[in-house]
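One line per chain: the protein sequences are A and B, in this order. If you count the first sequence from 1, position 62 lands on 62 in full-length UniProt numbering, and the numbers rise without skipping. If you count the second sequence from 1, position 82 lands on 82 in full-length UniProt numbering, and the numbers rise without skipping. We treat Cβ as the ideally placed atom computed from N, Cα and C, and that holds for glycine. Input: a single structure, listed below in structure tokens.
Protein chains: 2
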Amino acid sequence: MTSVPVRLLLADDHPVVRAGLRAVLEGEPDFEVVAEAPTAERAVELAAELDVDVVLMDLQFGSGMGGSQATAVITARPGAPRVLVLTTYDTDVDILAAIEAGATGYLLKDTPPDELADAVRTAAAGKSALAPEIAQRLMDRVRRPAVMLSLREIEVLQLVAEGLSNQQISERLFLSQATVKSHLVHIYAKLGVDSRTAAVATATASGLIRR
Amino acid sequence: MTSVPVRLLLADDHPVVRAGLRAVLEGEPDFEVVAEAPTAERAVELAAELDVDVVLMDLQFGSGMGGSQATAVITARPGAPRVLVLTTYDTDVDILAAIEAGATGYLLKDTPPDELADAVRTAAAGKSALAPEIAQRLMDRVRRPAVMLSLREIEVLQLVAEGLSNQQISERLFLSQATVKSHLVHIYAKLGVDSRTAAVATATASGLIRR
DNA sequence: GGCCTTCTCCACCTTTCGATGGATGCGGCG
DNA sequence: CGCCGCATCCATCGAAAGGTGGAGAAGGCC
Numbered sequence: 001m002t003s004v005p006v007r008l009l010l011a012d013d014h015p016v017v018r019a020g021l022r023a024v025l026e027g028e029p030d031f032e033v034v035a036e037a038p039t040a041e042r043a044v045e046l047a048a049e050l051d052v053d054v055v056l057m058d059l060q061f062g063s064g065m066g067g068s069q070a071t072a073v074i075t076a077r078p079g080a081p082r083v084l085v086l087t088t089y090d091t092d093v094d095i096l097a098a099i100e101a102g103a104t105g106y107l108l109k110d111t112p113p114d115e116l117a118d119a120v121r122t123a124a125a126g127k128s129a130l131a132p133e134i135a136q137r138l139m140d141r142v143r144r145p146a147v148m149l150s151l152r153e154i155e156v157l158q159l160v161a162e163g164l165s166n167q168q169i170s171e172r173l174f175l176s177q178a179t180v181k182s183h184l185v186h187i188y189a190k191l192g193v194d195s196r197t198a199a200v201a202t203a204t205a206s207g208l209i210r211r
Numbered sequence: 001m002t003s004v005p006v007r008l009l010l011a012d013d014h015p016v017v018r019a020g021l022r023a024v025l026e027g028e029p030d031f032e033v034v035a036e037a038p039t040a041e042r043a044v045e046l047a048a049e050l051d052v053d054v055v056l057m058d059l060q061f062g063s064g065m066g067g068s069q070a071t072a073v074i075t076a077r078p079g080a081p082r083v084l085v086l087t088t089y090d091t092d093v094d095i096l097a098a099i100e101a102g103a104t105g106y107l108l109k110d111t112p113p114d115e116l117a118d119a120v121r122t123a124a125a126g127k128s129a130l131a132p133e134i135a136q137r138l139m140d141r142v143r144r145p146a147v148m149l150s151l152r153e154i155e156v157l158q159l160v161a162e163g164l165s166n167q168q169i170s171e172r173l174f175l176s177q178a179t180v181k182s183h184l185v186h187i188y189a190k191l192g193v194d195s196r197t198a199a200v201a202t203a204t205a206s207g208l209i210r211r
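As structure tokens, this is what we get:
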């Protein structure tokens, strides 16, 4: 169908992973890797400057902007490329944040090369490409909306789990402490607990947050 | 010096990472990648069958044997290859387990290709190759000989991690709240934190308590 | 247009937690 | 024996967290 190759941008902070993606994807005749970005910020710039069809985006970057933020910025622009998230983690926070941000697909890094190539073609065609594990998680989530925390609530809870105080969380998320407390009150109600440590314990047990 | 190339075995469950390592390392004229292993078990087999100088070993495998176990098995044999651990994570448990198991070096996956190549040569020569971050961690660890919490302190911290309040902990352990607080103060001092959630976060990260 | 949810923010008040600065008894070690 | 670390206990005070009861803006849905 398409005689012109699919133009790709690789965004990952690990040089080894970028080289691996390039090696795997350039083996396909209908792909062309036009650039690599070692940071999320650089990915945003390159996606704007270059004519790119699909961005392969990692979620974890060492510092600075995160992958889902970058995804949101990139997909906001009209005529934006598709963003295919490719990461190691598969927690609810990551998945929901990425999809919310406008990702076309979500793959795990242990995906075999041929499936990866298929997913890129699927994404280039504008269809969503989800790894089976991810699809399963979303199904579970829909089937049992028992612990339905909003995205923002999970975000707050994740920071609580990392040991931050309400003050620190408010600074990190550019909120007031009052708002953080509000979110926490809602979280406690939904989880049926009455303290931050208990919330972290139950949320960890149900796989809502990482670590 | 060495006219024969360094013979490498790549052990990682991510095809993309294996491809990346192969791409990066085969660019060096003095390296030869002789095999790839997608599981730790396969890495052990291949290390025994083939004549290998250095094994590049991931720590996280999806299922089955872990990377540090495989490292222990491989290095136990006389005339064994050097094992260079290459992983994303840098928690104390991982690092210590790998070094304990006989790893010659420990690198993080965001290492630049040239440093990676240097580290492989260093490992091939039998010298230890540690990423600066890792070296720093080990120094910290030596400087402050293990974060040794007393049994009682770990007991208290474990209950904190399960979400119990000081009151509940005191009842569970037949203590007064004052005593629980005392233990917590000591725990905070040893861990270098100043709140219960932060204590749980760091203790979990260093494997002091189970989750 | 209403209705609902989410996210944001505010004020007031109570409880819990953490910080400080003690004290006692016990057991190991030089 | 004295010293030290551990575990236990205590009181007090300020700071942080939690409880209650709001409110307004944005977006999806009927």
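Check whether the region 195-210 of chain B touches the region 155-172 of chain B, taking contact to mean three or more Cβ pairs, one atom from each stretch, closer than 8 Å.
With a cut-off of 8 Å, the region 155-172 of chain B and the region 195-210 of chain B count as touching, because enough Cβ pairs lie within range.
Rounding to the nearest angstrom, what Cα-Cα distance links residue 188(B) and residue 85(B) in this structure?
Rounded to whole angstroms, residue 188(B) and residue 85(B) show a C-alpha spacing of 32 Å.
Any contact between the region 38-47 of chain A and the region 56-64 of chain A? By contact I mean 3 or more CB pairs, one from each, below 8 Å.
Touching, yes.
Mind checking if residue 186(A) is an interface residue toward chain B, Cβ cutoff 9 Å exclusive?
Not an interface residue.
Can you tell me where the beta strand (DSSP E) holding residue 87(A) begins and where it ends?
Residues 82-87.
So with CB distances below 8 Å, who are the chain A contacts of residue 94(B)?
Residues of chain A whose Cβ lies closer than 8 Å to the Cβ of residue 94(B) do not exist, since the nearest Cβ in that chain is about 13 Å away.
Name, in chain order, the residues that DSSP records as bridge partners for residue 105(B).
According to DSSP, residue 105(B) bridges with 84(B) and 129(B).
Taking the C-alpha atoms as reference points, what is the distance between residue 77(B) and residue 16(A)?
Put simply, the backbone Cα of residue 77(B) is about 30 Å away from that of residue 16(A).
Under 7 Å Cβ to Cβ from residue 186(A), same chain only, skipping five residues before and after it: list those, please.
So the list reads 153, once near-sequence residues are dropped.
Counting only the same chain and skipping the five closest in sequence on each side, list residues whose C-beta sits under 7 Å from that of residue 102(A).
Correct list, in chain order: 71, 72, 75 and 83.
Would a check of beta-carbon distances place residue 145(B) closer than 9 Å to chain A?
Residue placement at residue 145(B) is flagged as unreliable, the pLDDT there being 49, under the threshold of 50; a coordinate-derived value is accordingly withheld.
Could you tell me which of 106(A), 6(A) and 65(A) sits nearest to residue 34(A), measuring between CA atoms?
Ranking 106(A), 6(A) and 65(A) by CA distance to the CA of residue 34(A) puts 6(A) first.
Where residue 118(B) meets chain A, residues with beta-carbon distance less than 9 Å
Identification of chain A residues near residue 118(B) by a Cβ-Cβ cut-off of 9 Å yields none; the smallest Cβ-Cβ distance measures about 14 Å.
Can you tell me the Cα-Cα spacing of residue 178(B) and residue 112(B), whole angstroms?
Pairing residue 178(B) with residue 112(B), the inter-Cα distance amounts to about 51 Å.
Rounded to a whole number of angstroms, what is the C-alpha to C-alpha distance between residue 96(A) and residue 202(A)?
Taking the CA atoms as reference points, residue 96(A) sits about 19 Å from residue 202(A).
Comparing alpha-carbon positions, which option in 104(B), 108(B), 133(B) and 204(B) lies nearest residue 124(B)?
Considering only alpha carbons, the answer is 104(B).
Can you grab the Cα-Cα spacing for the pair residue 165(B) / residue 206(B), in whole Å?
Approximately 23 Å between the Cα atoms of the pair.
List the endpoints of the continuous beta strand (DSSP E) containing residue 32(B).
The continuous beta strand (DSSP E) containing residue 32(B) extends over residues 31-37.
Check residue 2(A) in the structure and name its three-state DSSP category.
No answer about residue 2(A) holds up, because its pLDDT of 49 lies below 50 and its placement is not dependable.
Can you grab the Cα-Cα spacing for the pair residue 27(A) / residue 117(A), in whole Å?
Separation of residue 27(A) and residue 117(A) (C-alpha to C-alpha, rounded to the nearest whole angstrom) is 10 Å.
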